[in-house]
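Everything below concerns the one structure shown next.
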Amino acid sequence: MTLAAFPPALFQSFEEKADPANVAPRLAALRHAMAKAGVDAFLVPRADAHRGESVPPGDARLAYLTGFTGSAGFAIVGPDSAGLFVDSRYTLQAPTQTDTALVSVRAWGQGGYGTELADFVPKGGTLAYDPWLHTPGEVRNLTRQLADHCKVVPHANLVDTIWADRPGAPVSAIEFLGHNRAGQTAGDKISAIQTSLRSDKADAAVLTLPESICWLLNMRGRDVPNTPFVLGFAIVPQTGQPTLYLDPARITDELTTALTDVAKIASTASFTTDLAALGAADKAVLIDPASVPQAIATTLTDAGARLIEKADPVLLPKARKNEAELAGMREAHTLDGVALAKFLAWFDANAPQGELTEIGIVTALEAFRRQEESCVDASFDTISGAGPNGAIVHYRVTTKTDRTLRPGELMLLDSGAQYLSGTTDITRTLSTGSSTPEQRDRFTRVLKGMIAISTARFPQGTSGAQLDVLARQFLWQDGVTYSHGTGHGVGAYLGVHEGPIGISSRYPTPLEEGNVLSNEPGYYKAGEYGIRIENLITVRASTDFPDYLEFETLTLAPIDTRLIEPALLSPAERNWLNAYHQRVYDEIGPKLDGPVRAWLKAATAAL
Numbered sequence: 354m355t356l357a358a359f360p361p362a363l364f365q366s367f368e369e370k371a372d373p374a375n376v377a378p379r380l381a382a383l384r385h386a387m388a389k390a391g392v393d394a395f396l397v398p399r400a401d402a403h404r405g406e407s408v409p410p411g412d413a414r415l416a417y418l419t420g421f422t423g424s425a426g427f428a429i430v431g432p433d434s435a436g437l438f439v440d441s442r443y444t445l446q447a448p449t450q451t452d453t454a455l456v457s458v459r460a461w462g463q464g465g466y467g468t469e470l471a472d473f474v475p476k477g478g479t480l481a482y483d484p485w486l487h488t489p490g491e492v493r494n495l496t497r498q499l500a501d502h503c504k505v506v507p508h509a510n511l512v513d514t515i516w517a518d519r520p521g522a523p524v525s526a527i528e529f530l531g532h533n534r535a536g537q538t539a540g541d542k543i544s545a546i547q548t549s550l551r552s553d554k555a556d557a558a559v560l561t562l563p564e565s566i567c568w569l570l571n572m573r574g575r576d577v578p579n580t581p582f583v584l585g586f587a588i589v590p591q592t593g594q595p596t597l598y599l600d601p602a603r604i605t606d607e608l609t610t611a612l613t614d615v616a617k618i619a620s621t622a623s624f625t626t627d628l629a630a631l632g633a634a635d636k637a638v639l640i641d642p643a644s645v646p647q648a649i650a651t652t653l654t655d656a657g658a659r660l661i662e663k664a665d666p667v668l669l670p671k672a673r674k675n676e677a678e679l680a681g682m683r684e685a686h687t688l689d690g691v692a693l694a695k696f697l698a699w700f701d702a703n704a705p706q707g708e709l710t711e712i713g714i715v716t717a718l719e720a721f722r723r724q725e726e727s728c729v730d731a732s733f734d735t736i737s738g739a740g741p742n743g744a745i746v747h748y749r750v751t752t753k754t755d756r757t758l759r760p761g762e763l764m765l766l767d768s769g770a771q772y773l774s775g776t777t778d779i780t781r782t783l784s785t786g787s788s789t790p791e792q793r794d795r796f797t798r799v800l801k802g803m804i805a806i807s808t809a810r811f812p813q814g815t816s817g818a819q820l821d822v823l824a825r826q827f828l829w830q831d832g833v834t835y836s837h838g839t840g841h842g843v844g845a846y847l848g849v850h851e852g853p854i855g856i857s858s859r860y861p862t863p864l865e866e867g868n869v870l871s872n873e874p875g876y877y878k879a880g881e882y883g884i885r886i887e888n889l890i891t892v893r894a895s896t897d898f899p900d901y902l903e904f905e906t907l908t909l910a911p912i913d914t915r916l917i918e919p920a921l922l923s924p925a926e927r928n929w930l931n932a933y934h935q936r937v938y939d940e941i942g943p944k945l946d947g948p949v950r951a952w953l954k955a956a957t958a959a960l
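So for the sequence shown, the numbering used here puts the first residue at 354; every next one is plus one.
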């Protein structure tokens, strides 16, 4: 199952979505629909009903309306003004994609909706939202924040009414993982979740996150870009088989047969009816208030159900990768290491000529990865930032912004792939010639932070929030830092960004054996350059101390030693880097042909 090389047309489609010229007529059409509906303002989130980082084309409402294509944010449209709220990753990107004469771009900390939304709603007016796109937690927060200013009411989605050529729901093939890839049968997983429901005194749980449903049923699909998701809903009863709700167009005899011993299949049209039946039977139903749509909570409570609001019961077991999943992740990183070595050798040979473009670099990297037939997709849209574009943390190149990489500039490349065996995510900052003392200082401080996480040993019960400072300490010593988290959870042939664990203040959940995370400190100087170094790591039991944990590095690719200031490294840090590079050469080198192997030998030479 392979795909063609990354098509240039895809960059063009991003550009068309982001054309600010589309914003004025679409805002005007939405305001007309608002007036007909009798509402004063309408909320447009980036999320779909499944809360995915990637959404199907027909659910990309925020991009359609505002042009903004980032993975997080929301818009509010009032009668006379509109706001686009984005987090720190997108404060540079968003203004370039929308019409800033009509849309005010504002910073948003992802901590809920703030009182500043009142700036866009008349006093005493009505703010409407689509209850399928907002969670109970979000709605409660929104209602509380605006209680003294306006009414907050659910409403059918008004963007859908003006989107004449809105794409239909995705229908992709569904595959099921064998035991060699899943490591646990779906039946055993379901049994474990049902045991947790009994502990919570819940008669059933409603699952809406595709990663939870796909992991539980050992299935994968291609409903959204970059992530092997099947989009649907599920109800898991305390006893008996779960019911999987899918678009009727994809319910086939073959699929029904494949799931016979695992789950029942029903059309999404019957989902709300079955929710109401749980309420009519006076059932206690577990929902995650951080991910389940408000529409589901309302349907349940209106029918008489008792809600148990707790985290999705699949999240923690899914984050604890078993031995088969970890073996698959190691295999994926070996395959990725081969592709990256070929790409980096190519890059080193061509970058000094001053002819490489950001899109050309992405296209080449994608082509090297797709030489491996088990590579099915990129795991996210590659961040390819040349020179000053590297300072835009989540920069996405388009044909309009495509920049030629000049010799002497830093190149920041954050990319990943979905292999049938696992998911990868890696960032490397690359030299293209001379570098400044400041750049080498910052690069080395970032590297020291990455090594500090890599070598950390910590007692069981420690969270990623407690470890985050280890990565930042060397930058802090020089009065600088970075605004993003140090690490996020990663799925096993699932989402490249996966909760509930990570390395930042946002993740209080203790780390456990089998967790896979990114380790990616950085530094960004606006208008000049960006630096980030990222490996994936997995948590394992300490080899020296009982009840302690440590990390194993999964990523196998050289770190550009030309950007290191050796005097800043301690002997222990130098030894770690040399040992890591020796491991990269030992594991990847034998899989390469002569010229690339020779390049890798030089790139991994000891400091």
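Built from N, CA and C at the ideal position, the CB exists for glycine as well.
For residue i and residue j, I'd like the C-alpha separation in whole angstroms.
i, j, result
"HIS487", "HIS508", "11 Å"
"LEU773", "ALA685", "8 Å"
"LEU679", "GLY867", "7 Å"
"ASP501", "ASN494", "13 Å"
"PHE473", "ASN931", "56 Å"
"SER366", "TRP516", "Because the pLDDT of SER366 is 46, which lies under 50, any placement of that residue in the model is unreliable, and the number read from its coordinates should be weighed accordingly. Each residue's Cα considered, the two are about 17 Å apart."
"PRO601", "VAL843", "31 Å"
"ARG459", "SER552", "43 Å"
"ILE804", "CYS503", "50 Å"
"GLY436", "GLY840", "29 Å"
"CYS567", "ARG519", "26 Å"
"SER623", "GLN547", "23 Å"
"ILE912", "ALA555", "49 Å"
Alpha carbons only, please: which of the options is nearest the one belonging to residue i?
i, options, result
"LYS801", "PRO812, LEU864, ILE886 and SER727", "ILE886"
"ILE604", "VAL615, SER620 and GLN594", "SER620"
"ILE884", "ASP767, PHE898, PRO410 and ALA517", "ASP767"
"LEU455", "GLY431, ASP440 and GLY478", "GLY431"
"ARG723", "ASP627, VAL691 and THR808", "VAL691"
"PHE796", "VAL715, GLY855, LEU569 and LEU921", "LEU921"
"GLY761", "PRO448, LEU718, SER787 and GLY817", "SER787"
"GLU873", "THR834, THR896, GLU881 and ALA845", "THR834"
"ASP513", "ILE712, ARG927, VAL397 and PRO924", "VAL397"
"LEU718", "LYS695, PRO590, VAL729 and GLU726", "LYS695"
"PRO642", "ASP452, GLY585 and ALA558", "ALA558"
"VAL849", "LEU870, GLY838 and ALA388", "LEU870"
"THR453", "LEU480, ALA377 and ARG399", "ALA377"
In terms of residue numbering, what span does the beta strand (DSSP E) encompassing residue i cover?
i, result
"ASN872", "869-872"
"LEU902", "901-906"
"VAL376", "Element bounds for VAL376: not the beta strand (DSSP E) but the alpha helix (DSSP H), 376-390."
"GLY852", "851-856"
"LYS504", "504-507"
"PHE961", "This structure cannot speak to residue 961, because the chain is shown only from 354 to 960."
"LYS617", "617-620"
Excluding the 5 residues preceding and the 5 following residue i in the sequence, name in chain order all residues of the same chain whose CB lies nearer than 8 Å to its CB.
i, result
"HIS747", "GLY423, SER424, ARG442, TYR443, GLN446 and ILE736"
"LYS954", "TYR938 and GLY942"
"ARG793", "LEU916, ILE917 and GLU918"
"PRO853", "ALA664, LEU668, LEU669, ALA672, GLY842, TYR860 and THR862"
"PRO448", "VAL458"
Keeping to the same chain, check which residues put their C-beta closer than 6 Å to that of residue i; ignore five residues upstream and five downstream.
i, result
"LEU470", "ILE429"
"ASP483", "ASN510"
"GLU865", "ARG673"
"CYS728", "ARG722, ALA770 and TYR772"
Run through DSSP, which three-state label would residue i get?
i, result
"SER732", "coil"
"THR914", "helix"
"LYS674", "coil"
"ILE941", "helix"
"GLU887", "strand"
"GLU662", "strand"
"ALA637", "strand"
"LEU668", "helix"
"GLY590", "The question names Gly, yet the displayed sequence has Pro at residue 590. DSSP places PRO590 in strand when its eight states are reduced to three."
"LEU953", "helix"
"GLY490", "helix"
Leaving aside the five residues before and after residue i along the sequence, list all residues of the same chain whose C-beta is less than 7 Å from its C-beta, in chain order.
i, result
"ALA958", "none"
"PHE811", "LEU820, TYR901 and LEU902"
"LYS944", "VAL691"
"ARG759", "GLY707 and GLY740"
"ALA386", "LEU511, THR514 and ILE515"
"ASP831", "ARG798"
Quick one: give me the first and last residue of the alpha helix (DSSP H) that residue i is part of.
i, result
"ASP767", "First-last for ASP767: 764-768, but that is the beta strand (DSSP E), not the alpha helix (DSSP H)."
"THR609", "606-611"
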